[in-house]
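Taking it in order: structure first as structure tokens, then the write-up.
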Amino acid sequence: MLAPILKNLFNMKSMRGMTESFNRDECIENVKKVLGKKTLVELPNYDTINDFLSALDSKELEKIRTYMIKELLKKRSLEKYRINEKYWGVIIDGTGLFSFDEKHCEHCLRREYRDENGEVKKTVYMHHVLEAKLVVGDMVLSIASEFIENESEDVKKQDCELKAFYRLAEKLKKIFKRLPICILGDSLYTCEGVFDICEENKWKYMLPQLSQLKTICNPLI
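The letter at position 4 of the sequence shown is residue 70 when you use our numbering, and the numbering goes up by one with no holes.
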């Protein structure tokens, strides 16, 4: 996993470019020193990395992410980013991953575009994910993810961001049981169900008010 992590750190545009750059002699020598290896012949190419990731259970990657975040918190590396010197701002953010003109799988979300007569003109199939991200200054760090996807292709009601939030909240509470969290989000989350979950989990929240351009929150004290 070191190679794709370095690729992103160095803002490299493609996996192919990563393979070409990282297998130069000087790069291999530097990585060998960083890893403390006596010998290192080459770094894996993009095909090897893709094959490995496609066979890897995504839960294993989640374990790595959780470990890294907990280490940062334990070492108090991010203390100055707390809200009111106590709460950790966690923004809830939905992101589109892929879109297709044809159905990709049975879990695809669907968006239909209709003409003036109400006839379906075009159907787009999508994959989205909902992320819980720790706000640290100008950056955000992903701490939990929940895919927004249909259980099967014949469901009457599609999965949506709000439903995914309820699942994500359960996952977030399980991973960070005692973390003092303040939920941040857009007006989609300004609803009783979200308020109830925050109260139950002893989380604070800062969310936009629906009727006015104001923010509502429970007391951050």
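For each residue, glycine too, the CB sits at the ideal point set by N, CA and C.
Item: Tell me the rounded alpha-carbon separation between Glu-168 and Asp-220.; Value: 16 Å
Item: Can you give, in chain order, each stretch of the alpha helix (DSSP H) that sits fully within the stretch 119-161 and has at least 4 residues?; Value: 124-140
Item: DSSP on Pro-246, reduced to helix/strand/coil?; Value: coil
Item: Would you call His-194 buried or exposed, if buried means 16 or more other Cβ atoms sit within 10 Å of its Cβ?; Value: buried
Item: Reducing DSSP to helix, strand and coil, say where Val-97 ends up.; Value: helix
Item: Enumerate, from N- to C-terminal direction, the unbroken beta strand (DSSP E) stretches of 3 or more residues contained entirely within the stretch 161-194.; Value: 175-180
Item: Count the other CB atoms, across all protein chains shown, that sit within 10 Å of the CB of Tyr-147; report buried if there are 16 or more and exposed otherwise.; Value: exposed
Item: Closest to Gln-224 by C-alpha separation, out of Lys-104, Lys-243, Glu-172 and Gly-259, would be which residue?; Value: Glu-172
Item: Give, in chain order, every unbroken run of the alpha helix (DSSP H) that is at least 4 residues long and sits entirely within the stretch 72-96.; Value: 81-88
Item: Name the two residues that bound the continuous alpha helix (DSSP H) containing Leu-234.; Value: 227-241
Item: Classify Tyr-14 as buried or exposed, calling it buried when 16 or more other Cβ atoms lie within 10 Å of its own Cβ.; Value: The question about residue 14 has no answer, for the chain in this structure spans 67 to 287.
Item: What is the rounded straight-line gap between the Cα of Glu-227 and the Cα of Leu-196?; Value: 7 Å
Item: In this structure, what does DSSP give as the bridge partners for Leu-200?; Value: Val-156 and Leu-207
Item: Who does Glu-212 pair with in a DSSP beta bridge?; Value: Leu-196
Item: Please report the Cβ distance between Lys-136 and Pro-246, rounded to the nearest whole angstrom; I am assuming they are in contact, meaning their Cβ atoms lie under 8 Å.; Value: No, Lys-136 and Pro-246 are not in contact; Cβ-Cβ is about 15 Å, not under 8 Å.
Item: So, are the CB atoms of Met-81 and Ile-115 less than 8 Å apart?; Value: yes
Item: Anyone know if the C-beta pair for Leu-64 and Ile-94 falls short of 8 Å?; Value: Since the displayed the chain opens at 67 and closes at 287, residue 64 lies outside it and no answer follows.
Item: With DSSP collapsed to three states, give me the class of Asp-262.; Value: helix
Item: Return helix, strand or coil for Thr-114, following the three-state DSSP convention.; Value: helix
Item: Please state whether the Cβ-Cβ distance between Cys-248 and Lys-268 is less than 8 Å.; Value: no
Item: Drop a sphere of 10 angstroms on the beta-carbon of Thr-161, count the other beta-carbons inside from all chains shown, and report buried for 16 or more, exposed for fewer.; Value: exposed
Item: Can we say the stretch 205-213 touches the stretch 230-238, given the rule of at least three CB pairs closer than 8 Å?; Value: yes
Item: Using the C-alpha atoms, what's the distance from Ala-69 back to Leu-101?; Value: 12 Å
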